[in-house]
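Accompanying notes for the structure given below.
So, in structure tokens, the structure goes:
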């Protein structure tokens, strides 16, 4: 339990709320990135919570976020969700907490059948799945579909999440909210209002005129990020009015880089912030250690079992480990990163980043320096090859997790060798 030391003692199992911000790259949050300033509220959560500034998504596209974040699952051939609806046996945070009496819900303004997300959520036994179609059939014309063809805007989505939380009084609860605004075509409702807000925000930034011109070249992209930041601020203000706010842990992260904005390096595509925010946190801390989405559920479940006395499975299939809480830069994890659905060619191990046939040394801020070390490069390529072999075996042969363990504890069975 690496998280427990940073939290106050709790008497009841906490509510868990994931905020998954579309295209929230790591360099758009905090004070050290090249493109910070247009998510001021998220910045405030980072400075007042547990903030891992060198976080990594397991994939360069949204398809890989949910399975790795909520299940620490391997990618399969083309992303784990691509294996559905006939998945290899597995579990996830949704299923685990659902079995412990949590009400589980997933909120999105888009079509959840995209990339097979609906099948994944149904497999986990999610109690409530809010999607573009669900909102339309439930609310009719109450919420307006704007020009963003993906679905309902983020302010509407957060309002729906707040409304339903008041309607469905079940406690404790796991809520997962995935935004969509900061995605192409990068449009927002109230376009004129947010165009003015962009200018106001830009003028306040302590950057050079040259840098301001760079921001202007991506005006639409940063305007959408500002819109989502405002929507999240309103959601949090509403959440504070609930009696359970003081017993809620919020986890905020992104799925990948805001792709039209120029990337700093080859690893920037995966670079995301990882933020835990809660009144239960004893003292805010900023960590420089490298952690991936696959490390979150292993750490969170250990924390809940130890601090909230939840009875969670004794055997798991996590590909990640516990989160590293080092205040200085280092990487203790070895995992592949899937750039696209057919491309599992990147790999991190210690301070090294392997990108196809190039080897880089990582330093603080996930800065990369290309190096020549044929022996280390060959070693990492072999590690990646080994992972691919195991990944293919467990996902294609249904050898990831015994079916009898999906909802059970190993203590209920006697294993004979």
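In our numbering, the protein residues as written are 10 to 426. No residue lacks a Cβ here, since even glycine has one placed at the ideal position from N, Cα and C.
Between the CA atoms of residue j and residue i - distance to the nearest angstrom
i, j, result
"residue 78", "residue 26", "13 Å"
"residue 141", "residue 110", "27 Å"
"residue 19", "residue 244", "24 Å"
"residue 122", "residue 57", "36 Å"
"residue 67", "residue 113", "23 Å"
"residue 85", "residue 338", "30 Å"
"residue 71", "residue 38", "19 Å"
"residue 386", "residue 373", "21 Å"
"residue 81", "residue 304", "7 Å"
"residue 225", "residue 206", "13 Å"
"residue 263", "residue 45", "14 Å"
"residue 347", "residue 126", "18 Å"
"residue 103", "residue 34", "25 Å"
"residue 411", "residue 340", "31 Å"
"residue 398", "residue 404", "10 Å"
"residue 42", "residue 375", "10 Å"
Residue i classed as buried or exposed, judged by whether at least 16 other C-beta atoms fall within 10 angstroms
i, result
"residue 3", "Here the chain comprises residues numbered 10 to 426, so residue 3 is not present and cannot be evaluated."
"residue 336", "exposed"
"residue 165", "buried"
"residue 352", "exposed"
"residue 258", "buried"
"residue 383", "exposed"
"residue 221", "exposed"
"residue 63", "buried"
"residue 248", "buried"
"residue 22", "buried"
"residue 158", "exposed"
"residue 119", "buried"
Whether residue i touches residue j by CB criterion (7 Å)
i, j, result
"residue 377", "residue 276", "yes"
"residue 203", "residue 270", "no"
"residue 16", "residue 290", "yes"
"residue 312", "residue 13", "yes"
"residue 273", "residue 65", "no"
"residue 191", "residue 31", "yes"
"residue 186", "residue 28", "yes"
Paired residues, beta bridge with residue i - DSSP
i, result
"residue 345", "356"
"residue 380", "368"
"residue 30", "263"
"residue 64", "281, 300"
"residue 186", "28, 116"
- Message: Whether or not the region 222-241 and the region 183-197 are in contact is what I'm after, with contact meaning three or more pairs of Cβ atoms, one per stretch, closer than 8 Å; do they touch?
- Response: yes
- Would you be able to state if there are at least three C-beta pairs under 8 Å between the region 351-368 and the region 322-331? no
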